[in-house]
Structures are given as C-alpha cells and as structure tokens.
Amino acid sequence: MGSESGEVAETNGDGRPSVGLFVTCLVDLFRPTIGFAAVKLIEDAGCRVSVPASQTCCGQPAYNSGDRKDAIAIARQVMHTFEPYDYVVAPSGSCAGMLKVHYADLLGDDPEWGPKAAAFSAKTHELVSFLVDVRGMTQVDAAFAGSVTYHDSCSGLRELGIRNQPRRLLKSVAGLKLTELKDADVCCGFGGTFCIKYPDISNAIVERKTHEIAASSAETLLAGDLGCLLNMAGKMKREGRPIKSRHVAEVLAGMTDDPAIGEAS
Amino acid sequence: MHVTSPSFKANAHEALADRQLQQALSHVKTGFIGKRAAVVAALPEFEQLRESGKAIKNHTLENLDLYLEAYEEKVVESGGHVHYAETAAEARELILGICRRAGARTVTKGKTMIAEEIELNDYLESNGIEPVETDLGEYIIQLRHESPSHIIAPAIHLTKDQIEADFRRLHTELPADRDLSEHESILGEARTILRRRFLEADVGITGANFLIAETGTSVIVTNEGNGDLTQILPRVHIVLASIEKVVPTLEDVSQIIRLLARSATGQELSVYTTFSTGPRRRTDPDGPDEYHVVILDNGRSAMLGSQFQDMLRCIRCAACMNHCPVYQEIGGHAYGWVYPGPMGAVLTPALIGVDQAGNLPNASTFCGRCEAVCPMKIPLPNMMRHWREREFERHLQPTTYRYGLGVWAFFARRPQLYQFATRIAMRVLGNLGGRKGRFRRLPLAGGWTKDRDLPAPAGRTFQDLWAEKQRAAVP
C-alpha cells in the first residue's frame with residue numbers, strides 16, 4: 144500500500160466527476176467485457192473513469208466466513224485505494240452492498256475509520272443504480288434483438304433497492320423485449336461461499352430458478368451480478384437449455400459481440 | 014430431542030432425495046407466501062406496525078425483569094401460580110410435579126414449541142402420564158413418533174396420503190371402508206378421536222403467544238379451537254412459555270397480534286384468539302380449578318445484552334422459514350433440532366451451542382428475504398454472520414475451508430501479488446476451458462461441477478487488458 148496505491152483522481156478541471164471503478168474480482172477474473180461495458184456506461188453518464196490497479200476483492204469471503212480481521216484489513220485497503228475519487232462504482236449489487244452497507248458495520252465503532260466508512264458509503268454505488276439514481280440517466284443508446292428476462296440479485300434488491308432502475312434502462316434498448324420471470328426476486332442459490340459449502344442445496348435452488356427462467360420463454364437471461372450469472376448459466380448449460388446469459392451492463396452498453404456466459408468462443 | 018444438527022449436510026442430502034418430502038414441501042410456497050403478500054398489501058399501516066411491534070419488544074427486553082415480576086404479581090393476584098425454570102430439566106420436573114399432585118393420568122396439549130424444546134412428551138410418558146397432542150398437525154406427528162418440521166405447521170413434511178395411511182393403520186376401531194379422501198374427512202376423524210380425550214384429561218398444557226404483564230393474562234392464537242378445549246376442560250391448566258413472551262399491556266398485544274397471523278398464515282387474525290387469566294372464578298361458567306404458568310429461560314437470559322438479543326423479539330410466525338430458499342428445499346427436520354429455518358439458525362446455536370449447531374447459520378445464502386418479511390424486523394442474516402464469527406474465533410470451521418480462506422486472504426491483501434497470480438491462473442484456466450467456454454469437471458470445484466457447468470474465464474483479466482489499453486493510449 145502507501146505510495147504505489149497512488150492512483151490520482153483525474154478531476155482535471157473539466158467539471159466531470161471522477162469515478163473509481165471497483166471492477167469486482169469475478170468480473171476481473173472471468174469476464175472483462177462487463178468491466179469495459181461499465182466503463183462505457185459511466186463515461187456515457189458524463190464521468191471520468193479510473194481503474195485503480197491496487198484493488199482485489201471487496202472482502203465478502205472473509206466477512207461472511209466470520210473472519211472480521213481480514214475483512215477489516217481489506218475494507219481499509221479498498222477505502223484507501225478509492226479515496227481520491229468522487230464516486231466508487233461496482234458492476235455488482237453484492238460487492239456494492241459490501242462496500243456501501245457492510246464496511247460501515249465493520250468499521251462503524253472505530254473512531255478513525257467509522258466516519259471514513261460513512262463517507263465512503265455515501266459515494267459508493269452499484270453501476271445501474273449510479274447511472275439512474277445519481278446521474279439521472281433515463282435511456283441508453285444500444286440495440287439488442289431478442290427477448291430477455293431479468294433476475295433480481297438479492298443484495299442489489301434488498302440491500303440497495305435496485306429493481307426498477309435496470310428495467311427502466313432496458314426498456315430503452317432498441318429491439319429488446321423484456322419478459323418478466325416468476326419469482327424474479329427469489330435467490331438463485333449462489334450465495335458466495337454457500338455454493339461451495341452446501342453444493343447440493345445450492346443446486347436444488349438453482350434448478351428451481353432455471354425452471355422459471357425457461358418458463359418465461361426469454362432467449363436471454365440478464366442480471367446485475369456475475370456470481371449469480373455463473374451459477375444460473377452453468378446450470379442451464381448442464382441442463383442443455385439454449386438460453387443465453389449476460390450481465391445487464393453488456394446489453395445496456397451495446398457490447399454483446401462476445402459469446403454469452405459459458406458459450407464457446 | 015436427539016440433536017442431529019452436526020449432520021446437517023447428510024440430513025439435507027437425504028431430504029433432497031426424498032420424493033415424498035419434496036412433494037409435501039411444495040405446500041410451503043403455495044400455502045403461505047401468496048396469502049401473506051395479499052394480506053400485507055391490503056394493510057397500508059403494516060410497515061408502521063412492524064416498527065411499533067419492534068419498539069414494544071425492544072422496550073420489554075430492556076426491562077424484562079421488571080415486566081416478569083409485574084406479570085407474576087398479577088397472576089398471583091388472580092389466583093394462579095408462577096414457576097420459573099432455568100433449564101429444560103427444571104421445567105420438566107415442575108410440570109411433572111403439578112401433574113402428580115393433580116393425580117393426572119392423561120394430559121391434553123395445545124401446540125407449544127417450548128414443550129418440544131424441553132422434550133416434555135417423552136418425559137411424561139416415561140413417568141406414566143399419557144400426553145395427547147390436540148393440534149391436528151401435532152396429533153399426526155405424535156402418532157408417527159416424529160418431531161415438528163415447522164413451527165406453525167408441524168406436519169408440513171407429510172402428504173395427505175401418508176396421513177390417511179397412518180390413520181387407517183392406527184385408528185383400527187373405526188370402519189375400514191370409511192372415506193378419508195378429503196382433508197375435511199381426515200380432520201373430522203381426528204376430531205372424533207380427540208373429543209373423547211379432551212373429556213378424559215386431568216391436566217391441559219398450552220403454550221402462550223403472549224404473557225401480559227398488565228393483567229397476568231396468557232394469550233394463545235389457534236385455528237382449530239383445540240387450545241380452548243385443552244385449557245378449559247381439565248381441572249388443571251399449565252401454561253408453558255419462555256421468558257421473552259411477556260409484553261407490557263393489552264394494547265401492546267393488540268398491536269403485535271395484527272402482525273402475527275398476517276405474517277404467519279396470511280389471515281388477518283387467527284380463528285381463535287384466547288385470553289386466560291387465573292383459574293375459574295365462582296361466577297365463571299367453566300375453566301380450570303388450578304392455573305399454573307411455567308416460565309422457561311433455558312439460555313435466553315444469556316442472549317440479553319449480547320449480539321443476539323434482537324432474536325428475542327421473535328413471535329414465532331414462521332414467515333422467515335416460509336420464505337427461505339434453503340428451508341423450501343430441505344424442510345425442517347434437516348436442521349436437526351426444534352427450531353428450523355432462519356429463526357432456528359440464529360436461536361439454535363444460542364440454546365444448544367454453536368459447536369453443535371454451527372451448520373445452521375452457515376447454510377444460508379444471505380439472500381435477506383427472511384429479514385425482509387420478519388414482522389419484528391430481526392436482522393437474521395447479520396446474526397447468522399455473528400455466529401460464523403464465533404465459529405471462526407473458536408476454530409470450529411473445517412480445516413480445509415479455513416486454510417482455503419487463509420490463502421485467499423493472503424492474496425487479497427497483496428494486490429500486486431494477487432494480480433500477478435491471477436493473470437497466470439486465468440490464462441491457464443482460459444486455455445483449458447476456452448474452446449467450450451465452460452468446464453464440465455474441474456478439480457477443487459467438484460461440488461459445483463457435479464450438477465452444473467462452470468463457465469470458463471475469458472483468459473485475460475480485466476486489469477491486464479485495461480493496463481494494455483492504457484499503455485496503448487499513451488503516445
């Protein structure tokens with residue numbers, strides 16, 4: 144840490160707010176397209192985007208495993224790294240919820256870090272919520288031919304109140320038809336470390352979910368969290384369903400040339 | 014009750030493969046969720062009621078000793094007796110003592126989870142007293158020598174066909190060719206059998222949804238009327254309740270009760286809401302000669318002032334388990350003790366120890382639906398996380414999991430090393446999975462790939478590509 148974390152905020156007087164993109168570990172490792180789609184959308188919303196190199200993960204695996212010490216260390220590391228930016232934006236409701244809601248839980252009692260966590264919380268947003276709620280975006284310039292359905296990932300929905308924002312922007316995508324899925328607000332069974340600790344139960348839950356996705360007759364499944372998408376896409380592939388899966392940012396940014404999640408290149 | 018929480022994984026595995034159970038569990042979704050949603054939507058002040066219910070309970074818990082004393086005083090004033098039991102064993106002995114003094118041979122019981130918690134039925138039986146469950150669901154599982162799998166629908170793990178078979182097997186005094194094809198006929202048969210038992214009983218034991226400090230009253234809410242017959246007909250009525258059931262006033266009950274049935278069964282109110290204060294007075298047409306209240310602690314007072322105090326707000330509506338994706342798949346028995354689902358995942362470790370019940374707070378996706386529907390706004394996921402913290406501190410998690418977490422944290426705290434390592438690892442994984450775009454099998458991810466494919470990484474990390482792009486942009 145220290146000096147090598149020194150990404151400088153690029154607010155160079157052009158009036159555009161600076162956004163530090165919290166890429167999230169899954170997007171970084173599995174599907175960079177989502178990161179580039181996020182960059183495009185944030186720039187379209189009139190912001191400057193930086194991607195600090197010294198970021199890894201939001202710390203949820205430690206936090207949700209009861210390891211507060213590592214979770215706190217990672218929280219401080221993230222807050223330090225993103226100190227220079229006006230906003231912190233993450234293309235995931237789960238990671239954004241960790242940054243926005245749970246860092247304050249972890250550090251709230253610390254006289255030095257508590258107030259910092261509160262300020263950090265105020266400037267941190269999930270991507271689509273940032274576009275709509277903070278930047279006032281009402282439409283996107285993108286086209287996607289076909290029917291889609293949208294799964295509400297749990298943290299985004301219940302911790303951050305993200306429900307209408309993605310649907311609103313999706314409606315402006317040319318050629319896109321949104322078909323609602325029954326029980327869209329019910330968990331897909333991913334649950335981070337849950338799917339590793341209890342794979343049988345996780346599988347039973349996702350099986351119910353993919354059944355509903357298929358029943359919606361949509362050609363493509365969209366969601367705002369790559370963890371959930373890896374789970375649902377992986378299950379649908381195993382079941383031999385032809386339904387494609389993509390992160391909602393890919394569609395909103397018009398970046399859908401790459402194969403869908405789990406598809407051959 | 015034999016604790017099987019440590020073998021939760023195996024229990025869950027079995028439950029998932031049990032087709033009859035899976036068929037029965039479909040009623041959890043159809044029977045509760047839509048009805049609750051409709052009745053909540055029809056009450057504009059529901060959110061306000063949640064806030065005031067929470068405030069009432071918080072205030073009571075902050076002054077629990079005072080309200081318990083006030084309650085006791087009123088019970089005594091109305092001619093009843095209050096007995097405090099610190100442990101399950103003490104509660105059992107107190108109840109046996111009351112039954113013995115009454116010369117009881119048969120005891121009828123209304124639905125009470127506390128009696129399950131203290132394993133009362135087995136204890137009474139082994140002491141020559143026959144307990145008879147009078148709630149239909151409880152009656153059915155008593156016939157089957159099972160424990161409840163749900164706190165308000167104890168036999169929800171059974172199908173109608175199973176129950177019909179049990180009735181035919183055990184009610185041999187009834188004509189073999191009788192019709193039991195409808196739910197109503199099953200209920201009617203249980204009524205016929207139980208009517209006789211109600212009249213024979215020497216003692217009636219009920220739980221309590223509330224104990225009112227202001228008046229010394231115990232309150233039960235039921236849908237079958239069995240609770241009333243249990244507490245009115247026998248000579249002795251024993252109320253069995255835990256310490257956190259006390260609320261200050263009648264007005265407080267009338268607020269919380271508006272939340273209870275709506276959250277539980279989607280009713281505005283349950284069919285019966287019964288208030289009992291003391292034994293029969295001279296002018297009363299009916300009622301027991303003796304009225305006893307056994308108040309159980311069994312680990313709850315240790316939750317006061319701890320990270321788990323909020324759990325004592327619970328009013329046992331079961332909305333959390335009805336809405337839990339995990340409970341919906343595996344049912345209640347897999348949890349391995351009395352209380353299943355999210356409320357059980359928080360309460361059970363407090364009552365029997367996190368070393369026994371560690372699986373329960375871990376087997377949650379943290380989807381947050383339980384907290385969202387909880388009428389008392391109990392932060393269930395946060396408290397499950399607190400149990401995981403206790404486990405971590407005490408090194409109770411499996412060594413491999415802990416080791417894996419340690420390796421991950423080592424890298425996550427060292428960004429340069431992390432990016433170097435992930436860049437290489439993702440290249441390798443991307444190449445391996447690249448052609449198909451996914452893995453059907455992958456070492457160390459066997460749990461996942463047993464039933465799901467794992468989408469393959471793209472091959473180059475975002476950070477790698479971003480750095481390249483930035484370099485290219487610099488002239």
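So the protein sequences, as listed, match chains B and F.
164 is the number that this note's numbering gives to position 21 of the first sequence; each next residue is one higher, with no gaps.
154 is the number that this note's numbering gives to position 141 of the second sequence; each next residue is one higher, with no gaps.
Note that CB positions come from ideal geometry on N, CA and C, so glycine has one too.
Please read all numbers here as calculations on a predicted model, not as lab measurements.
* **heavy atom of the ligand SAH below 7 Å from F:R209 C-beta** => The ligand SAH is not part of the structure shown, which contains no ligands of any sort.
* is_contact[B:S146, chain F] using C-beta, thresh 8 Å -> Locating residue 146 of chain B in the first sequence gives position 3, where the first residue counts as 1. Annotation note: pLDDT 36 at B:S146 (below 50); position unreliable, coordinate value reported separately. B:S146 does not count as touching chain F.
* To do: Could you tell me the boundaries of the beta strand (DSSP E) in which B:F165 lies?
  => Start at 1 with the first residue of the first sequence, and residue 165 of chain B comes out as number 22. From DSSP, B:F165 is part of no beta strand (DSSP E); its letter is neither H nor E.
* Quick one: does F:E342 have its CB under 8 Å from some CB of chain B? -> In the second sequence, residue 342 of chain F corresponds to position 329, counting from 1. True, the Cβ-Cβ gap to chain B drops below 8 Å.
* Asked: So is F:V1 buried or exposed if we call it buried at 16+ other beta carbons inside 10 Å?
  -> Outside the displayed range of chain F (14 to 488) lies residue 1 of chain F, so it cannot be described from this structure.
* To do: Spell out a yes or no on whether the stretch 276-291 of chain F and the stretch 225-241 of chain F are touching, meaning 3 or more CB-CB pairs, one atom from each, closer than 8 Å.
  => yes
* Asked: Helix, strand or coil: how does DSSP classify B:F287 here?
  -> Against the first sequence, residue 287 of chain B aligns to sequence position 144. Strand, per DSSP.
* First and last residue of the beta strand (DSSP E) that includes F:S231? -> The count along the second sequence starts at 1 and reaches residue 231 of chain F at position 218. Element bounds for F:S231: 230-235.
* Exposed or buried, which one is F:G472 when buried takes at least 16 other CB atoms within 10 Å? -> Start at 1 with the first residue of the second sequence, and residue 472 of chain F comes out as number 459. When all chains shown are included, F:G472 counts as buried.
* Taking all protein chains shown into account, do 16 or more other C-beta atoms lie within 10 angstroms of the C-beta of F:I89, making it buried, or fewer, making it exposed? -> Within the second sequence, the letter at position 76 stands for residue 89 of chain F. The sequence given here places Val at residue 89 of chain F; Ile does not occur at that position. F:V89 is exposed by the Cβ-count criterion.
* Throw me the rounded Cβ distance for the F:C380 and B:C297 pair, which I believe falls under 8 Å. => Looking up residue 380 of chain F in the second sequence gives position 367. Looking up residue 297 of chain B in the first sequence gives position 154. Yes, they are in contact, since the Cβ atoms of F:C380 and B:C297 sit about 4 Å apart, within 8 Å.
* **Length of the line joining the Cα atoms of B:M436 and F:L418** => Nothing can be reported for residue 436 of chain B: it is not among the residues displayed for chain B, which extend from 144 to 408.
* Just by C-beta distance, which residues in the stretch 322-348 of chain F are closer than 7 Å to chain B? -> Going along the stretch 322-348 of chain F in chain order, one finds P338, V339, E342, I343 with a Cβ nearer than 7 Å to chain B.
* To do: Go ahead and pull the three-state DSSP assignment for B:I404.
  => Here residue 404 of chain B refers to the residue found at position 261 of the first sequence. Coil at B:I404, not helix or strand.
* Asked: Do the stretch 295-315 of chain B and the stretch 269-279 of chain B meet, that is, are 3 or more Cβ pairs less than 8 Å apart?
  -> yes
* Out of curiosity, what's the CA-to-CA distance linking F:V259 and F:R329? -> On the second sequence, position 246 is the one that residue 259 of chain F refers to. On the second sequence, position 316 is the one that residue 329 of chain F refers to. For F:V259 and F:R329, the distance between alpha carbons rounds to 14 Å.
* Asked: Which ranges does the beta strand (DSSP E) cover as unbroken runs of at least 3 residues, wholly within the stretch 198-232 of chain F, from first to last along the chain?
  -> 216-219, 223-225
* Would you mind working out which of F:L38, F:L183, F:T100, F:R415 sits nearest F:H489, comparing C-alpha positions? => As displayed, chain F neither begins before 14 nor continues past 488, which places residue 489 of chain F out of reach and without an answer.
* Under the three-state DSSP convention, the category F:A166 falls into -> Taking the first residue of the second sequence as 1, we reach residue 166 of chain F at position 153. Coil.
* To do: Count the other CB atoms, across all protein chains shown, that sit within 10 Å of the CB of F:E281; report buried if there are 16 or more and exposed otherwise.
  => Taking the second sequence and counting its residues from 1, one reaches residue 281 of chain F at position 268. Burial call: exposed.
* For my contact list, F:I504 and F:V252 are in at a C-beta cut-off of 8 Å; report their separation, rounded to the angstrom. => Nothing about residue 504 of chain F can be reported from this structure: the residues present for chain F run from 14 to 488 only.
* Just the chain B side, please: which residues come within less than 9 Å of F:M439 by C-beta, in chain order? => On the second sequence, position 426 is the one that residue 439 of chain F refers to. Those are D171, L172, F173, listed as they occur along chain B.
* Can F:V16 and F:I256 be called in contact, C-beta distance under 8 Å? -> Translated into positions along the second sequence, residue 16 of chain F becomes position 3. Translated into positions along the second sequence, residue 256 of chain F becomes position 243. Pairing F:V16 with F:I256 gives a Cβ-Cβ distance that is not under 8 Å.
* Going by Cα to Cα distance, which pick from B:D253, B:T176, B:H390 is closest to F:Q476? -> Within the second sequence, numbered from 1, the residue matching residue 476 of chain F stands at position 463. Looking at the Cα atoms, B:T176 is the closest of the given residues.
* Helix, strand or coil: which one does DSSP assign to B:E147? -> Here the question's residue 147 of chain B lines up with position 4 in the first sequence. Low local confidence applies: a pLDDT of 38 at B:E147 is under 50, so the model's placement there is unreliable, and no value is given.
* **chain F contacts from the stretch 333-347 of chain B (Cβ-Cβ distance under 9 Å)** => F333, G334, G335, T336, F337, C338, I339, K340, Y341, P342, D343, I344, S345, N346, A347
* Tell me whether the beta-carbon of F:S20 lies closer than 8 Å to the beta-carbon of F:L373. => Counting from 1 along the second sequence, the entry for residue 20 of chain F is found at position 7. Counting from 1 along the second sequence, the entry for residue 373 of chain F is found at position 360. Not a contact, by the Cβ cut-off of 8 Å.
* To do: Could you name the residues of chain B that F:Y431 contacts, counting a contact when the two beta carbons are closer than 7 Å?
  => Counting from one through the second sequence, the residue named residue 431 of chain F turns up at place 418. Correct list: T199.
* Taking 8 Å as the CB-CB cut-off, is B:C330 touching chain F? -> Reading the first sequence from its first residue, position 187 is the one you call residue 330 of chain B. Closer than 8 Å to some Cβ of chain F, the Cβ of B:C330 qualifies, so yes.
* Asked: From which residue to which residue does the alpha helix (DSSP H) around F:E132 run?
  -> As a position in the second sequence, residue 132 of chain F is number 119, starting the count at 1. Note, F:E132: premise wrong, no alpha helix (DSSP H); not H, not E.
* To do: Could you please tell me which residues of the stretch 377-388 of chain B, in chain order, have their CB closer than 7 Å to any CB of chain F?
  => Cβ contacts with chain F come from G377, K378, K380, R381.
* Closest Cβ-Cβ distance between F:R401 and chain B: below 8 Å? -> Translated into the one-based positions of the second sequence, residue 401 of chain F becomes position 388. Yes, F:R401 lies at the interface with chain B (some Cβ there is under 8 Å from its Cβ).
* To do: Mark B:T363 as exposed unless 16 or more other C-beta atoms lie within 10 angstroms of its C-beta, in which case mark it buried.
  => Counting from one through the first sequence, the residue named residue 363 of chain B turns up at place 220. Its Cβ being crowded by 16 or more others within 10 Å, B:T363 is buried.
* Asked: Is B:V316 closer than 8 Å to B:A285 when the C-beta atoms are compared?
  -> Sequence index remark: in the first sequence, residue 285 of chain B carries index 142 (1-based). Sequence index remark: in the first sequence, residue 316 of chain B carries index 173 (1-based). Yes. Within cutoff.
* Taking Cβ positions only, does F:Q476 come closer than 8 Å to chain B? -> Looking up residue 476 of chain F in the second sequence gives position 463. It does: the Cβ of F:Q476 has a partner Cβ on chain B nearer than 8 Å.
* Please list the segments of the alpha helix (DSSP H) lying wholly inside the stretch 230-307 of chain B, counting only runs of 4 or more residues, in order along the chain. => 236-240, 246-250, 256-266
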